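Only one structure is covered here, and it is reproduced in the block below.
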Amino acid sequence: MVKNSVENAGKFEFDKDFVVNRLGYGTMQLTGKGVWGAYKDPQQAVDLIKNAFDLGVNFVDTADSYGPWEADTYLAQALKEYPDSDKIFISDKVGQVRTGPNEWIPLGRPEFLRQEVELSLRKFGRDHEDLLFLHRIDSQVPIEDQVGELKKMQDEGKIKHIGISQVTLDELKAAQKIAKIDAVENMYNVGHHKGDDAIVDYTKEQKMAFLPWFPLDTGHLAKDDGPLADIAKKYNASPAQIALAWLLKRSDNIIPIPGTSSLAHLKDNLESADVSLSDADFEKLSSLE
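Residue numbers (numbering that gives the first Met the number 0): 0 to 288.
As structure tokens, then:
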């Protein structure tokens, strides 16, 4: 039943060989506190990812900095154990270093970006990145050098599609002058969206994917006593399902990537595709911020 739910979210086509269901999975929660270190039960993390695949997820968002490398290790193991791993698409990110829990430092030097891509390819046992994001723009390095290095690797066949994360509209347009940008990943959810509404509309116009990180606002929107609780009762749904249904209805280029370390929450998130918000309720939710 749930697998059909995922397919009900619709699909997004990056190219004819790269078509994904519009409900993905993000690996960031499969780490220690502060997105630092190993997850408390590594086998549970591997099993959860495999469950996501079994339930119809074919698009996984990850990054070298999650752990660092811990989430990627679990994803790589899950892919090895999954018989149809060639049908799973990976959205990867490079461009930040970690110095401790909750510490993130952009590093966009071309040689570092190339190193991390090469290490990711070795980790996953693949010869190319399906979708590779510049995780953050490094203000100390010209953007031409950062996106330009990704373009070089794309020309070499090591990256199929280039994305850029947490950017303004002007930064996105600047990146487009350097390489073809096929996706944007910014923080965006029903409770915090107005600042990026113009970017979502622009990415749709440009036929880019838009990946909203923190789609559940780190769990705030999923609370039983949170801002979506009342409307959730109307639809006999969970608040998390309402938050994700709003994203799916907002624009057909949006690919939500909710992360969780709970199988129950994973199933609940994926069933959001079965929630069909009315136009009136969508507009009411859109005015929450």
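Glycine included, every Cβ here is placed at the ideal spot set by N, Cα and C. Just so you know, these numbers come straight off a predicted model, no measurement behind them.
Within 8 Å, strictly: CB atoms of residue i and residue j
| i | j | result |
| --- | --- | --- |
| Glu-148 | Asp-63 | no |
| Asp-71 | Phe-132 | no |
| Thr-30 | Tyr-81 | no |
| Ser-250 | Phe-209 | yes |
| Gly-194 | Ile-180 | no |
| Asp-216 | Asn-188 | yes |
| Asp-126 | Phe-88 | no |
| Gly-99 | Trp-35 | yes |
| Asp-267 | Ala-239 | yes |
Neighbour flag for residue i against chain D, beta carbons, 8 Å
| i | result |
| --- | --- |
| Lys-179 | Looking at the structure shown, chain D is missing, and only one protein chain is on hand. |
Inter-residue spacing [alpha-carbon to alpha-carbon] between residue i and residue j
| i | j | result |
| --- | --- | --- |
| Lys-150 | Lys-79 | 29 Å |
| Lys-49 | Ala-77 | 6 Å |
| Leu-284 | Arg-113 | 42 Å |
| Ser-286 | His-192 | 10 Å |
| Ile-158 | Gly-124 | 14 Å |
| Arg-108 | Ser-138 | 11 Å |
| Pro-255 | Met-27 | 14 Å |
| Met-0 | Tyr-73 | Only weak support exists for where Met-0 lies, its pLDDT of 48 falling under 50; the value from the coordinates is given anyway. When rounded, the distance between both Cα atoms is 26 Å. |
| Lys-222 | Ala-242 | 11 Å |
| Val-5 | Ala-182 | 21 Å |
| Asn-101 | Gly-33 | 5 Å |
| Leu-262 | Ser-237 | 15 Å |
| Ser-271 | Ser-164 | 25 Å |
In DSSP terms, what residue i is bridged to
| i | result |
| --- | --- |
| Ala-182 | Gly-162, Ala-208 |
| Asp-91 | Leu-131 |
| Ile-104 | Val-96 |
| His-191 | Asn-188 |
Member of the options whose CA lies at the smallest distance from the CA of residue i
| i | options | result |
| --- | --- | --- |
| Val-274 | Asn-252, Ser-261, Lys-233, Trp-68 | Lys-233 |
| Phe-52 | Gln-28, Leu-22, Leu-106 | Leu-22 |
| Tyr-201 | Ile-230, Ile-104, Gly-218, Leu-171 | Leu-171 |
| Phe-111 | Glu-102, Asn-101, Val-96, Arg-121 | Val-96 |
| Ala-197 | Gln-175, Val-166, Arg-121, His-219 | Val-166 |
| Glu-143 | Asp-154, Ala-178, Val-19, Ser-164 | Ala-178 |
| Asp-60 | Ser-277, Leu-54, Ala-228, Pro-211 | Pro-211 |
### Message
Runs of 4 residues minimum, wholly inside the segment 10 to 69: which ones carry the alpha helix (DSSP H) assignment?
### Response
DSSP runs (the alpha helix (DSSP H)) wholly in the segment 10 to 69: 41 to 53.
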